[in-house]
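Going left to right, the sequence shown walks through residues 73 to 372 as our numbering numbers them.
Beta carbons: idealized from backbone N, C-alpha and C, even for Gly.
Remarks on the structure that follows.
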Amino acid sequence: MIKSLVYENMPTWLSTNKLSENTKKKYRHRILKEDIANRPLALEELKKIVNIAHDDARLRLRNAFDNTLDPLLGEGESSYDPAEGYPHIFDMKTLKGYFGEIFSGLIVENYAPFGDERWKVPVFSFRYHEIAFDQLEMMMQTGEKINTIPGRTGDDCLAFVLEDDQIIKILFCEAKCTAASHESMISSAHEKISGTNIIPVEIRRMIELLRDYDGDEVLKWRKALWKLRVKDEIQENQRFDLVSYVCGKSPVRPVTRTSWIPSQEPHKSYSVNRSLEAVEVHLNDVEGIIREVYGKEEEG
Numbered sequence: 073m074i075k076s077l078v079y080e081n082m083p084t085w086l087s088t089n090k091l092s093e094n095t096k097k098k099y100r101h102r103i104l105k106e107d108i109a110n111r112p113l114a115l116e117e118l119k120k121i122v123n124i125a126h127d128d129a130r131l132r133l134r135n136a137f138d139n140t141l142d143p144l145l146g147e148g149e150s151s152y153d154p155a156e157g158y159p160h161i162f163d164m165k166t167l168k169g170y171f172g173e174i175f176s177g178l179i180v181e182n183y184a185p186f187g188d189e190r191w192k193v194p195v196f197s198f199r200y201h202e203i204a205f206d207q208l209e210m211m212m213q214t215g216e217k218i219n220t221i222p223g224r225t226g227d228d229c230l231a232f233v234l235e236d237d238q239i240i241k242i243l244f245c246e247a248k249c250t251a252a253s254h255e256s257m258i259s260s261a262h263e264k265i266s267g268t269n270i271i272p273v274e275i276r277r278m279i280e281l282l283r284d285y286d287g288d289e290v291l292k293w294r295k296a297l298w299k300l301r302v303k304d305e306i307q308e309n310q311r312f313d314l315v316s317y318v319c320g321k322s323p324v325r326p327v328t329r330t331s332w333i334p335s336q337e338p339h340k341s342y343s344v345n346r347s348l349e350a351v352e353v354h355l356n357d358v359e360g361i362i363r364e365v366y367g368k369e370e371e372g
């Protein structure tokens, strides 16, 4: 379980360049700009957060091959690590996807979407990216290069407001990460976040994931998520939507344009009438940041 994504150096690295809210108070648009001078310190902290976000997937990979199946094999006697290479060995497209999902969680816990500072991301569901694990196992057995991996199904990132052991707000996050802006990617994000379900399809997996952990906080979240789905008491106005768009470029033409996503009204591909916040993160050299954070070498 993720204890916290509150990021001490994030506000100095990425500051809000512009925050807009439409007259109906149902749409917010935020631009986060990078201060490159503060990047080195921020990246050291970001590496730790990314590592923590993937720890659960490593745990699942390793649990299948623990030494309990061979009582004669002592701890440390086997050199086989089913999580070796995870996730830095994957292709850049996959790592951009992971990075984008984690970044949406960072936005949620550090920039108070819809003005609410109580949002919490309890877990990331990377452990359910089965096709990625199949590719990893194939590479370990054959040495063959890993191909481009299809993305994981389900919700990119989910956050909740928990009050008195009950979930009172749900935030669905659709995450995109790209070196150069693509209108098709922006449109796709708004289409996907327009789903009509109020309770996340990911909820079963989240409850299942939390069963691998102990502690009062974990139990509180398991019970709250279970109650959310089984009792089905959440209302439509308790679902909120967020599009996180991490991009390696800022608009330059026309000179009056400052954002890739409309700032005053929702994108035309957003087809529902809920509260939506779109957050653009303009980073210099997105792929370079991802390589450094994941420890991925340049491909020759």
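Counting C-beta atoms within 10 angstroms of its own C-beta, residue 335 has 16 or more neighbours from the protein chains shown and is therefore classed as buried.
Residue 99 is bridged by DSSP to 348. Here residue 358 is not near residue 118, since their CB atoms are 9 Å or more apart. For residue 162, the secondary structure class from DSSP, reduced to helix, strand or coil, is coil. DSSP places residue 137 outside both helix and strand once states are collapsed to three, so it counts as coil.
In this model, residue 127 and residue 168 are separated by some 18 Å (Cα to Cα). With respect to the 9 Å criterion, residue 315 and residue 258 are classified as neighbours on the basis of their beta carbons.
By a beta-carbon distance limit of 8 Å, residue 253 does not contact residue 191. Their separation comes to about 26 Å. A Cβ-Cβ separation of about 6 Å places residue 229 in contact with residue 247 under the 8 Å criterion. It is roughly 42 Å from the alpha-carbon of residue 355 to the alpha-carbon of residue 303. DSSP places residue 238 in the strand class (E or B) of the three-state scheme. Note: residue 91 is bridge-paired with 102 in the DSSP secondary-structure output. Each residue's CA atom was taken as its position, placing residue 273 and residue 343 some 19 Å apart. In this structure residue 73 is in contact with residue 195, their Cβ atoms being roughly 6 Å apart against a cut-off of 8 Å. Annotation: residue 260 is outside any beta strand (DSSP E); the continuous alpha helix (DSSP H) that includes it extends over 255-264. In the structure shown, residue 314 adopts extended strand secondary structure according to DSSP, grouped into three states.
Where residue 205 is concerned, the enclosing alpha helix (DSSP H) starts and stops at 202-214. About 6 Å separates the Cβ atoms of residue 349 and residue 186, confirming a contact at the 8 Å cut-off. Assigned with DSSP and collapsed to three states, residue 359 falls in helix. By the neighbour-count definition (other C-beta atoms within 10 Å, threshold 16), residue 102 is a buried residue.
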